[in-house]
Each structure stands twice: as C-alpha cells, then as structure tokens.
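Number of protein chains: 2
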Amino acid sequence: MTWIDVPAGTRFGIDNLPYGVFSRAGHGPRLGVAIGDHILDLAPVLDDGVFAQPALNALMSRGRRVWRETRARIVDLLTDATRRPRVQPHLVDASTATLHRPFVVSDYVDFYSSLEHARNLGEILRPGSEPLLPNWRHMPVAYHGRSGTVVPSGTGITRPCGQSLVDGQVSFGPSRRLDIEAEVGFVVGAPSQRGEPVPTSAFADHVFGVVLVNDWSARDLQAWEYQPLGPFLAKSFATSISNWVVPLDALDAARLDGRSQDPAPLPYLARATPWAFDLTLEIELDGTIISRPPFRNLYWTPDQQLAHMTANGACVRTGDLFASGTVSGELRDERGSLIELTWNGRDPLRLPDGTERSFLEDGDTVTLRATAPSATGGQLALGDVTGNVLPARCGSDG
Amino acid sequence: MTWIDVPAGTRFGIDNLPYGVFSRAGHGPRLGVAIGDHILDLAPVLDDGVFAQPALNALMSRGRRVWRETRARIVDLLTDATRRPRVQPHLVDASTATLHRPFVVSDYVDFYSSLEHARNLGEILRPGSEPLLPNWRHMPVAYHGRSGTVVPSGTGITRPCGQSLVDGQVSFGPSRRLDIEAEVGFVVGAPSQRGEPVPTSAFADHVFGVVLVNDWSARDLQAWEYQPLGPFLAKSFATSISNWVVPLDALDAARLDGRSQDPAPLPYLARATPWAFDLTLEIELDGTIISRPPFRNLYWTPDQQLAHMTANGACVRTGDLFASGTVSGELRDERGSLIELTWNGRDPLRLPDGTERSFLEDGDTVTLRATAPSATGGQLALGDVTGNVLPARCGSDG
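Protein chains in written order, with my numbering: chain A, 440 to 837; chain B, 440 to 837.
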C-alpha cells in the first residue's frame, strides 16, 4: 500500500508506476512516474542526473538490472511512510503538469500480427481470394515506419494530403479515408549488437516497457502508393503514442501463453516463455466506445517479433519502438480500425448524435485506452493515447 | 588554387571539400574536410565547438547560410597562402586517420526512382506483364528503411540469415541471393516543420550534401517477405554509406535539367530549378569494374523526392537520409544491381579469375565510386563506399 492518497479504482496505482516526461511552470521537462493523480518528480528523490533528462532514453539504455532497482526504489519511496516527509514535496499534481513525448524514437517498426485483422483486410481488399497471404503464418510480417513523426498523445492530427486514384484519375488532395489503427507498442531499452540476433528468450533483457499506439492511416493514399514497396505517405504523417510507458515488470500478472500457431514456427521463432498479454483495448470516437479489441489473442507475440526483426543480424537500439499492428478480435465490436468496423464503408457506424462515420471527419477525437490485470488483483492501465483530427492544409494543389 | 600540395588529378580538390568524421591516435572523433591526401582538422582552425563533435548533425542543423559561410572560410584557409603557418599543423595525413560514420541517421528513406531499374525489375519479376506498376510514373515510390543499421564504408557485411521459399518449402538459412544496389543518397541538414511540406524550390534550403549508398539486398528473403508491406529484413541488415559527405554546393557544376516526364507530374511535384546531377557511378566487384550507372537520367529527381516525402505533412529532421534507389542506365553495363546485371542469374558475370557470379559470394568486396564535373572544369568524386561480404552466422537454425 502506498501512503499517497490515490483515488479508488485508480489504474495508476503502486503496481503500475509508468514512466513519462513532464514539465510545469518554471521547470524544464524531466522524468516522472504516475501514481494516482500525481506525478513523482524523480530527479530530486533519486538523486541521479539521468532523471533530469527530457527523455527516457538514457535511463532505458542502462539495462534491466537498473530498471528493476529503480522500480524497487520508487516502490519503497511510495510505500514506506517514513519516506513521506522527503518525498511529499516532489509529488506534483498531474493536472498542473504538461506531458511530453516520453522518449526519442530511434527506429519504428510496425508489425501486422493480428490474425483477425490480417484476415479482415484480406477479405476487404482481395475479395474472393485467400485472405491471408502465403507468408503470413510463417513470419510476423512488418515494415519500417517514420520515427520522426511519432507524436505524443494529445497532438493534433492534421488530415494528410496526397495522391489517390479516384474513378481512374490520379488526383492530389485531402485524404477521404482517414483511419485509425489501435496497437500496442514495445519500447526497446537495452540495445543489441549488429550481427547478434535476439532470441525469444531474451525479450525482457531488451524491452523496457509498453505504450499504446494509434497508427493513423490514410487508406486512399495507401491503396494507390503501396505497390510494390509497402505503405509510405499513408502512414508517415503521424503516429501517436501514449505519454506513459508502462514498465514490462508491471505487466507480469497480465502475461499469458501465446496463442497456438499452425504451422509450428521455425526454431528461431519458437517461444521460450509466455509473452502474450491480457490487455483489453478500447477505442473511443467522439465520446462513444466503438470497439474493445482483445490483445490476448495476438497471433505473433512480441518476443517473436523481436526475434524476427533481428534474425538477419539487424541490431535494435535504445528508443526503438515496435508495434503490434492493428489489434482485432473475432467479433465486430472488437475490430481495431474503421476500415474493419465499417467494412470499408459498407456498414457505417452510427454515433449517438445521429451522424454516421465510415472514416474520420475533421474535428473527430479518437482516444485509445487499455487495461490489464495487475499484481494486486485489480486493473492497471496503459497510458491513453488521444488525437483530434484537424482539417487538411494542402496548399494550392488541394 | 590551394597552397597544399595535392596529387595531380585528385578528386578531393579545393572545389570539392567533403566533410567527414575522423580520428587518430590520441584524439577522439571530430569533423574534418578532405583535401588531396589530407584531412583538415576543423575544430582548431575554425574555433567552434561544433567541429569537435563526433558527427556532422549539429553543424548540419545550422542551415544553409552557415554551411556556405563555413565552406567559404575553409576555402579561404586553404587558398590564402598567408594562412599556411596557422593551418598547416592541422592538416592530417589521411592515411594515418580512421574514418567514422559521418552523421547520425535519423530517418532513412529509399526511393525507387530509376526508370530503367524499375523496368528491369518488373521484367524480371513479372515477365509478360507491364513492367512498370500503375503508380510509378505518377509519384516517386519509396519505403522507409532501417536507420540503425546504416554503416560507414569499410564495415564488413555479414551475409544475412532469414526465411525464404525454396521449391515450395519455407526454410531459414543464409541468403543465397545477396545483392548490391548502387545509389546516391541525400542528407538533410536543416529540418522542416510537421505539417509544412517542402516545395521542390526549397530543396537546397534543407539538403546539406550527398553520399554514395550501397543498399545491400537479400533477394530471396525479399521475394518471400515483401507482400503486402514491402521489403523489411531483406534490406535491414546493413546499408553502407560513404564516409565523406560532399556539400551540395560542390556539385553546382554537375547540375542538369531533370529528364522529361510523361505524364507531367502533379503541381506539387513540378520542378522549380534543375536538380538532376551529372554523376557517373562505378561498381567494382573484386577489382573488376562491372558497371557504370549514369545518375543523370534518374527519372524522379531529389527535389521531387523531398517534396513527395513531405507532401502529407511529414517533417524531415537533421540527419535524415534519402536515397535514389538503384541507379541503372539503358545499357547492360550501366545496371546498378546484380539481379539486373545477371538478369536474375540467367547471365552470370564472368570475372577475370575465371569464376562466375550471379549474386555475391562470401569474401567478395564491392566498391562504389562516383565522379562529377567540378567547378574548375575537372572532376570531383563522392566518397567511395566499400564493403566485404562475411560468411553468415545463422546459429543452430542455419
């Protein structure tokens, strides 16, 4: 039990302690952990310059032993009531703080690891043929995204402009099919060496924590540009991540065996320990929950993703972000993108105000949330990720 | 004329002055410019801490005005003989120095902008159908590569392991079709703002300089993995760049009008000024020149690439690298990759030692070079990029 007065049912309790970067009047950005409605200012209480930095990268680069020691020290500070006089002055009311992007993103990789999502997309985009491409059950398919446009929760998302093919004509203008993708992202702390693949058993030695990801996608741009090199401008305008990074250790009680796989994965992809997570996502559009994608069923688990990403000798670096790809479940209200929820616009969503949505409209606000069982038998949450759609600015070509 | 004794016919003369990062016994990595057989140690002669850094990024971030002033100061130091007593002590014999990766790569984007290359690949991979995909003449197609595995010239290239489909069976092992791609890369110095596309007319405000790029590619891995999200592990094990970054201004005499384009590009891709370059590349395999790809014919010029990359509001950052894609000409001995030179192995290359090559063998050394007309009527060179193929280390799965 913490000596801090945390709200009943908080999802940022003592068993969570996510890290972020915050600032307040008179102080530059620095590291904090969320506890209830407060942020613990780490630099003064832990007396280490790494906590006074404006990004988690330096802390994350120190490796798992330091991550665990740091977490234990923070738990001690917040549970041992004799620490209170020293710690209390450094608890910041979260409502008075500004949150920032928690880490500098090195490489950003986006997987495509939900079977239900891949199957839905196949059925929508290639009707009448086998929805899963031949490689899908053999490897966690992925692509590199743009790390320079990964933005923190709360950043406005300007509708992108770009080329699309409309009635056989190539035109340039605002995307008409702006979509979301609800994903879970894994943040690399400790780097690996080039030439040394990271086995599935070493997942926790490298992964520092977990964020929620909204991989905004312009479906019309994507359809026209993606052959043969994959999505590019359809995704690169913005990818939102939560401001809080939940440490991997906080998710211990949420760990599950991964879903069974057929065919059995090749040896380098064989799982060593359970790295599926019992996370339930939630997509809110303009105040209405439109979906609750279950992360527990992800076909390719993140330990397999990391092993695959490095199987060719590629190294990972501190700050690398790899995301699950859209998380979708079997049911309609478990789908993680609008293209699936509305079946490419065939079945628009009806919102309580009577309006319909096939894709996002200007002014729409999308918030992703995720909860998981916590070590104390309750629930903890990942950081929310929210974004508001702003009108396109295409200039004279629009 | 410089007062330094430069070798006759040097391609690193006073009209070139490429920037790099070098170290020597007793000194850490810092910035230098190449002149003849020497490297000018910039920190002591220019008296600014930015030159004592181990990467070009901070200098590059200062913008075009500073780049031009710095270049003018260096030219002055190396041409005004009265400077000699002060400068001479800081000229380092290049043979005593170690060269390093010249800048920290932010995002790495690889285009696909050579018409001849795209057509060759289409004919090889999709025989009997239209070789160019429908989008190709409408936009410079591209994908994001892995920035964390961009390595400097001279780095050994371990043959990657990965999945491929052989006789209908999925297997994991060393790539059997390791290839090169001869490319020219553009290095972003001054960043742009998210939401503000960079018009073709602003190319020189953002691009600091030019490198040679070898985008090593495992064709067998690529064929199996690339649907539908594009190349991933087939490329991400290593991308080599030259140690020297040639300033854009050094290439003024090499600038040409871009090749005519049909259909006319959309307005946001219309060229404002000539940004094609009269560069001739050279591919040397184990001591034999096997190709001389002409860069001057590139279909999509780099100003168009930058405008396209940012048309959706994506920003560029200091250290972003965008490469042309494989440069190929009309003729067989102008092709920029082995898959084209050997027509996917059908027509192996015969080397002077009597051996044949369809793709790279362990122990092979590939060196790319490029020359261009210089301001003084001679030739200047980009930095070479070389790499030696090391045997795969696939572990127990190999």
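Glycine included, C-beta positions come from ideal geometry on N, C-alpha and C.
Remember, it's a predicted structure, so these values are computed and weren't measured experimentally.
DSSP places Thr765 (chain A) in the coil class of the three-state scheme, outside both helix and strand.
Contact check for Arg463 (chain B) against Thr537 (chain B) passes: the beta carbons are separated by less than 8 Å.
Along the length of the segment 471-553 of chain B, whole beta strand (DSSP E) runs at least 3 residues long occupy 477-480, 530-532, 537-539, 547-550, reported in chain order.
Each of B:Gly634, B:Asp549, B:Ser813 was checked against the Cα of Val685 (chain B), and the nearest Cα belongs to B:Ser813. No Cβ-Cβ contact shorter than 8 Å links Ile478 (chain B) with Phe490 (chain B). Interface flag for His556 (chain A) against chain B is unset, since no Cβ pair is found closer than 8 Å. Secondary structure of Phe798 (chain B) (DSSP, three-state): coil. For chain A, none of the residues of the segment 711-743 of chain B brings a beta carbon within less than 9 Å of one of its beta carbons. Only exposed fits Val605 (chain B), as fewer than 16 other CB atoms lie within 10 angstroms of its CB.
In terms of beta-carbon proximity, Ser776 (chain B) stays away from the interface with chain A, with every pair separated by 8 Å or more. Scanning A:Ala692, A:Asn682, A:Tyr582 for the CA closest to the CA of Tyr551 (chain A) turns up A:Tyr582. Look at Arg585 (chain B): its C-beta is under 8 Å from a C-beta on chain A.
In the same chain as Val505 (chain A), and ignoring 5 residues on each side of it, the C-beta atoms closer than 8 Å to its own belong to Leu498, in chain order. Residues of chain A whose Cβ lies closer than 7 Å to the Cβ of Gly601 (chain B) are, in chain order, Ala750, Asn751. Measuring C-alpha to C-alpha distances from Glu800 (chain B) to each of B:Val824, B:Pro528, B:Asp618, B:Trp739 identifies B:Asp618 as the nearest.
Cβ contact annotation for Val623 (chain B) (same chain, cutoff 6 Å, sequence separation greater than five): Phe734, Ser763, in chain order. Contact with chain A is absent for Ala629 (chain B), since none of that chain's Cβ atoms lies less than 8 Å from the residue's Cβ.
Within chain B, not a single residue places a beta-carbon under 7 Å from that of Ser767 (chain A); the smallest gap is close to 16 Å.
Among the residues of the segment 602-613 of chain B, those with a Cβ less than 7 Å away from any Cβ of chain A are Gln602, Val609, Phe611, in the order of the chain.
Its chain contains Pro670, Ala673, Lys674 as the residues whose beta carbon lies nearer than 8 Å to that of Gln661 (chain B), once the 5 sequence neighbours on both sides are disregarded; these appear in chain order. In summary, the residues of the segment 536-551 of chain B whose CB is separated from some CB of chain A by less than 7 Å are Ser545, Asp546, Tyr551, in the order they occur in the chain.
For Ala809 (chain B), the uninterrupted beta strand (DSSP E) run begins and ends at 804-812, by DSSP. Within chain A, no C-beta atom comes nearer than 7 Å to that of Ser568 (chain B); the closest sits roughly 12 Å away. Residue contact with chain A for Arg756 (chain B): present (Cβ-Cβ distance below 8 Å to some residue of chain A).
Contacts with chain B at 8 Å (Cβ-Cβ) do not include Val623 (chain A).
Counting the other CB atoms within 10 Å of its CB gives Pro732 (chain B) a total of 16 or more, which places it among the buried residues.
Under the 8 Å criterion on CB atoms, Arg832 (chain A) is classed as interfacial with respect to chain B. From the listed residues B:Glu769, B:Ser610, B:Ala753, the smallest Cα separation to Ala703 (chain A) is found for B:Ser610.
Taking a cut-off of 8 Å for Cβ pairs, the segment 587-606 of chain B and the segment 677-684 of chain B touch, as three or more such pairs fall below it.
Under the 8 Å criterion on CB atoms, Glu562 (chain B) is classed as non-interfacial with respect to chain A. Spatial neighbours of Leu788 (chain B) in its own chain (CB-CB distance under 7 Å, excluding positions within 5 residues in sequence) are listed in chain order as Ile729, Leu780, Thr781, Glu795, Arg796. Contact between Gly634 (chain B) and Gly448 (chain B) is ruled out by a C-beta separation of about 48 Å, above the 8 Å threshold. In the structure shown, Ser679 (chain B) falls within a strand segment according to DSSP collapsed to helix, strand and coil. For the 8 Å CB-CB criterion, Arg616 (chain A) and Ala657 (chain A) form a contact.
When rounded, the separation of the alpha-carbon atoms in Gly465 (chain A) and Thr535 (chain A) is 12 Å.
Looking only at A:Gln492, A:Val805, A:Gln818, the smallest Cα-Cα distance to Gly826 (chain A) is reached by A:Val805.
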